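Written below as structure tokens is the structure these notes are about.
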Amino acid sequence: MNEKEKEVPFFKDWNGWYTLVIGFLIFLIAIFWLLTEFFS
Amino acid sequence: MTGLDWIVISVLLTGIILYGLYKSRTTKNLEGYFLSNRSLPWWLVLLSIMGTQASAITFLSGPGQAYADGMRFVQYYFGLPIAMVIICITFVPIYNRLKVYTAYEFLQNRFDNKTRTLTSFLFLLQRGVSTGISIYAPSIILSSLFGWDIFWTNIIMGGMLIIYTASGGAKAVAYTQQIQLIIIFIAMFMAGFMVVRMLPPDVGFVDALDISGKLGRMNIITTGQTENGFNWTDKYNIWSGIIGGFFLALSYFGTDQSQVGRYLTAQNNRESRLGLLMNGLVKIPMQFFILLIGVLIFTFYQFNGAPLSFNARLLEQGKNSVVKDSVQMLQVKIDSVNQERKETAVWYFNSKDASEKIFIGQKLKEQQAASDGYRLQFRKMTERTSDADANDTNYVFLSFVKDYLPAGLKGLLIAIIFLAAWGSIAAALNSLASSSVVDFQRRVSDTGTPINEYRLSRIHTLAWGVFCIIVAQFAHQLGQSLIEAVNVLGSLFYGVILGIFLVAFYMKKVGGTATFIAAIIVELFLVVMFFQEWFARVTGIEAIGELPDVSFLWLNAIGALGVMAIARLVQIFRR
């Protein structure tokens, strides 16, 4: 893997990205649940 | 349709073809033609991935789905971000390290010839037929609503894009998808804005959601739980979305060449991964907003009266058929309930008393049920007398566009249906050609020099384009029920293909023959299980009809896990 491959924007490694994506999914589900409750 | 609409459509479609041709210059070899020399940045990969997944039917069916069944369809995409992470960790580095042209090439490396051939054959069969259907599906809707000739609509929907796809390969596909998506997003945003603007003056965006919510359309999260426990045949709930959707997304993005071919065009692992992860971030919000337009249209029709059917051709045929007197009676009834609904909706917004609002909300529900009942009666009545599509869910959005949007914007929204179709079909043709050249022709005959292979690839792209248009023309003759069956058939293959790849990646001790046998067994089981009633009737074996009845999203999980488990067992017995 060359130097360019190692550079991951915003995070030190890919784990930061993976956490962001899964965290965002959980955040969306929570928001959707609140919207469902609010408009039911 | 006005002259302005035709000008907008002609300019946009011609512009995309010319832009595609302008971007067609590429190195004349397989790497240049199918993978754009592995040179694209992540954001172009992202737009290409999104443009490939979002077909015309995404933008037609999404709002219609929300209109008929509410927002819960968004849960279908909940497994996608998790799948993106797994693909980035496992699939992407292996594909890039082996420098493969197609995902199936890797299977020969890991297993053997026959497993690669079986998997790429399943892909070509499923993708070839489903691309034909994805030409036909939007064409029949446009043809029904605007009275266009289906033959020529199919030709424009599936034929014009061949010009730049055959000429420029993956590079032209990616660059045109980028422009197409930008135009689509702008147009959809304008459509949503217009719906809110066309509501009564004192009804705002939140009010629109409020009334839709009262009528069950803001059901974004559902659990699938009933009094008798979990409903396995319920299509869209949080569990089928997260688990079933995860396996579907893993299969589609990890093993379907139409998607793998997109991120193989990236400069390196980093760019492939960023494109996929960004897709994991934006896909659900994007789908949410498409569905939200449907919910807003639903509120709009509370004030403007929904027709007996959004399929104009069906309505016309019903009014002139042997059941025309019954249709006329239904029309009078729905007009009356529509008028009541409008008055009740105005009353709801003017009421300040909370308990009165609950009462009015209940009244709205009763009127909605009455309206739905008349629409269902019309559907059943005309199913027997008409060849037009009785299920009008996919017609809701374009019917609204046709009847209510101003000239110019109407043309723009019709144009984006073509652009969305072109984006996904172009990627499909490119992937079909790459698989048929690399996985088949290259292995059985001498394809000669790189320039010969490049020419051959263009011919394959053209041939697949013609094949898909022929499928679309035949689909018209075969009717709607078969088209649905073909779509279901696609979901039957995905789980098995994914299972083969998961064995390859994660079960190092299992060989090609065990995986091949497992794939055949599980594929047969899935087909028998899904069409169990038919098999039980034909074979006379009642036990077949006792197999579990599950929604199609679960088939992906059953297929993938089934192949893994049986491949392991077969491997043990072969020792």
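Residue numbers (numbering that gives the first Met the number 0), protein chains in the order written: chain A, 0 to 39; chain B, 0 to 574.
Glycine is no exception: its CB is placed at the ideal position from the N, C-alpha and C atoms.
As the structure is a computational prediction, the values presented were derived from the model and not from experiment.
From the DSSP output, in three-state form, read off residue i for me.
i                      : result
residue 146 of chain B : coil
residue 39 of chain B  : strand
residue 265 of chain B : strand
residue 611 of chain B : No answer is possible for residue 611 of chain B: the residues shown for chain B start at 0 and end at 574.
residue 245 of chain B : helix
residue 229 of chain B : strand
residue 539 of chain B : coil
residue 313 of chain B : helix
residue 445 of chain B : coil
residue 28 of chain B  : coil
residue 2 of chain A   : Below a pLDDT of 50, predicted positions are generally treated as unreliable, and residue 2 of chain A, at 47, falls in that range; no measurement from the model is reported.
residue 79 of chain B  : helix
residue 403 of chain B : helix
residue 198 of chain B : coil
residue 14 of chain B  : helix
residue 215 of chain B : coil
residue 306 of chain B : coil
residue 19 of chain A  : helix
residue 384 of chain B : coil
residue 14 of chain A  : helix
residue 254 of chain B : helix
residue 105 of chain B : helix
For residue i, which residues in chain B fall below 7 Å Cβ to Cβ?
i                     : result
residue 26 of chain A : Ordered by position in chain B, no residue passes the 7 Å Cβ test against residue 26 of chain A, which lies about 10 Å from the chain.
residue 38 of chain A : 208, 209, 212 and 217
If you draw a straight line from the C-alpha of residue i to the C-alpha of residue j, how long is it?
i                      : j                      : result
residue 566 of chain B : residue 398 of chain B : 49 Å
residue 334 of chain B : residue 299 of chain B : 16 Å
residue 207 of chain B : residue 375 of chain B : 25 Å
residue 226 of chain B : residue 233 of chain B : 14 Å
residue 90 of chain B  : residue 56 of chain B  : 28 Å
residue 10 of chain A  : residue 26 of chain A  : 20 Å
residue 196 of chain B : residue 22 of chain A  : 35 Å
residue 348 of chain B : residue 202 of chain B : 7 Å
residue 158 of chain B : residue 408 of chain B : 25 Å
residue 47 of chain B  : residue 462 of chain B : 23 Å
residue 97 of chain B  : residue 105 of chain B : 7 Å
residue 25 of chain B  : residue 433 of chain B : 16 Å
residue 468 of chain B : residue 199 of chain B : 44 Å
residue 415 of chain B : residue 20 of chain B  : 19 Å
residue 288 of chain B : residue 440 of chain B : 43 Å
residue 182 of chain B : residue 524 of chain B : 44 Å
residue 555 of chain B : residue 529 of chain B : 12 Å
Quick one: list the residues of chain B neighbouring residue i, beta-carbon separation under 9 Å, in chain order.
i                     : result
residue 23 of chain A : 80, 279, 280 and 283
Give every residue of the same chain whose Cβ lies closer than 7 Å to the Cβ of residue i, excluding the five residues on either side of it in the sequence, and list them in chain order.
i                      : result
residue 44 of chain B  : 261, 262, 264, 265, 270, 271 and 274
residue 563 of chain B : 498, 501, 502 and 506
residue 489 of chain B : 125 and 129
residue 99 of chain B  : 105
residue 215 of chain B : 69
Please list the partners that residue i has in chain B, where partner means a Cβ-to-Cβ separation under 8 Å.
i                     : result
residue 10 of chain A : Going along chain B, no residue has its Cβ under 8 Å from residue 10 of chain A, so there is no contact; the nearest lies around 11 Å.
Could you name the residues of chain A that residue i contacts, counting a contact when the two beta carbons are closer than 7 Å?
i                      : result
residue 83 of chain B  : 20
residue 276 of chain B : 16 and 20
Taking 6 Å as the limit between beta carbons, can you name the residues of its chain near residue i, skipping five residues before and five after?
i                      : result
residue 511 of chain B : 110, 111 and 114
residue 229 of chain B : 223
residue 442 of chain B : none
residue 2 of chain A   : For residue 2 of chain A, the predicted structure reports a pLDDT of 47, less than 50, and the residue's modelled location is therefore unreliable. The matter cannot be settled from this model.
residue 0 of chain A   : Legend: pLDDT at residue 0 of chain A = 47, less than 50; position of this residue unreliable, no value from coordinates given.
residue 235 of chain B : 71, 72, 74 and 75
residue 31 of chain B  : 25
residue 575 of chain B : Residue 575 of chain B is absent from the structure shown; chain B starts at 0 and stops at 574.
residue 435 of chain B : 459
In chain A, which residues lie with their C-beta within 8 Å of the C-beta of residue i?
i                      : result
residue 220 of chain B : 28, 31, 32 and 35
Between residue i and residue j, which are expected to be in contact by the criterion C-beta below 8 Å, what is the C-beta distance as a whole number of angstroms?
i                      : j                      : result
residue 50 of chain B  : residue 176 of chain B : 3 Å
residue 94 of chain B  : residue 259 of chain B : 7 Å
residue 65 of chain B  : residue 464 of chain B : About 33 Å; that fails the 8 Å criterion.
residue 313 of chain B : residue 330 of chain B : The Cβ separation is near 13 Å, so there is no contact.
residue 290 of chain B : residue 191 of chain B : That belief does not hold up - the Cβ atoms of residue 290 of chain B and residue 191 of chain B are roughly 11 Å apart, past 8 Å.
residue 138 of chain B : residue 156 of chain B : 5 Å
So with CB distances below 9 Å, who are the chain A contacts of residue i?
i                      : result
residue 272 of chain B : 7, 13 and 16
residue 77 of chain B  : 24, 27 and 28
Grab me the residues of residue i's own chain with a C-beta within less than 8 Å of its C-beta, minus the 5 sequence neighbours each way, in chain order.
i                      : result
residue 107 of chain B : 114 and 115
residue 350 of chain B : 356 and 359
Closer than 7 Å, CB to CB, is residue i near chain E or not?
i                      : result
residue 235 of chain B : Of the protein chains in this structure, namely A and B, none is chain E.
Please confirm whether any heavy atom of the ligand ZN lies closer than 6 Å to the CB of residue i.
i                      : result
residue 509 of chain B : Annotation note on the ligand ZN: not contained in the displayed structure, which lists no ligands.
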